[in-house]
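Notes for the one structure printed next.
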Amino acid sequence: MRAVVTGASGLLGGNLALILREAGHEVVCTRRAGSKVAHLDHAKLTWAEADLADEEALRRAFDGADWVFHNAAAVTVRQKVTPTIFDANVLGAERAVRACQAAGARMIFTSSTVTIGLATGPEPADETSPGTCPSAAWATPTRSPNERARPARWPWRGRARTWSW
50 MRAVVTGASG LLGGNLALIL REAGHEVVCT RRAGSKVAHL DHAKLTWAEA DLADEEALRR
110 AFDGADWVFH NAAAVTVRQK VTPTIFDANV LGAERAVRAC QAAGARMIFT SSTVTIGLAT
170 GPEPADETSP GTCPSAAWAT PTRSPNERAR PARWPWRGRA RTWSW
């Protein structure tokens, strides 16, 4: 299997890339220009420069992939959604999905409970849960742009399920 891992310079994406490589898969990792990846030099991973703002670069990186593991995101501890956060996490995700579709690859999209909120009962919350799901106070500001982006604009709407406990 040829796998592309976005966000491989981060903790989750980097460890996923290592696990996939150890399992014998061909792994291509994407990174932004200037991303620090020295901590992964020992793994001899293949890197492709592809920023979430550049759909053509994503298409080149995803070309020939069987699977794309999308882990890249802009994160901050601030309680404000900036244009940079919105562009990377919402518009960048849309670009990644389109690039994945163009490559004919399947996608595993990694997100966080921040986009959905917390479950209010024993069942996990998902993208169809009411917008009144309580979430951590620090997460609430990040939900608004994601809620605006969710309706029908996202190509996977109605064809994929996401869960959050």
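Residues in the sequence shown are numbered consecutively from 50, following our numbering.
Glycine residues also receive a C-beta, built at the ideal position from the N, C-alpha and C atoms.
Backbone secondary structure at residue i - three-state DSSP
i: Arg51; result: strand
i: Val146; result: helix
i: Arg70; result: helix
i: Thr159; result: coil
i: Thr131; result: coil
i: Ala174; result: strand
i: Val77; result: strand
i: Val139; result: helix
i: Ala97; result: strand
i: Gly62; result: helix
i: Asp112; result: coil
i: Ala154; result: coil
Member of the options whose CA lies at the smallest distance from the CA of residue i
i: Val77; options: Ala66, Ala151, Ala87 and Glu71; result: Ala66
i: Asp103; options: Leu94, Thr177, Pro173 and Arg81; result: Arg81
i: Ala87; options: Leu60, Ala72 and His74; result: Leu60
i: Thr95; options: Ala137, Leu69 and Glu105; result: Leu69
i: Val146; options: Thr133, Ala114 and Thr125; result: Ala114
Nonlocal neighbours in the same chain, by C-beta distance under 7 Å from residue i, ignoring five residues either side
i: Phe111; result: Val53, Val117, Ala148, Cys149, Ala152 and Ala154
For residue i, the first and last residue of its enclosing beta strand (DSSP E)
i: Ala82; result: No beta strand (DSSP E) holds Ala82; DSSP gives it neither H nor E.
i: His119; result: Trp116 to His119
6 Å Cβ shell around residue i - same chain, five flanking residues per side excluded
i: Thr55; result: Thr79, His119, Asn120 and Ala121
i: Arg108; result: Ala148 and Ala151
i: Ala57; result: Gly63, Ala66 and Cys78
Span of the alpha helix (DSSP H), counted from its first residue to its last, around residue i
i: Ala102; result: Counting along the chain, Ala102 falls outside any alpha helix (DSSP H), and DSSP gives it neither H nor E.
Neighbourhood of residue i by C-beta distance below 8 Å, restricted to the same chain and skipping five residues each side
i: Thr125; result: Thr131 and Ile134
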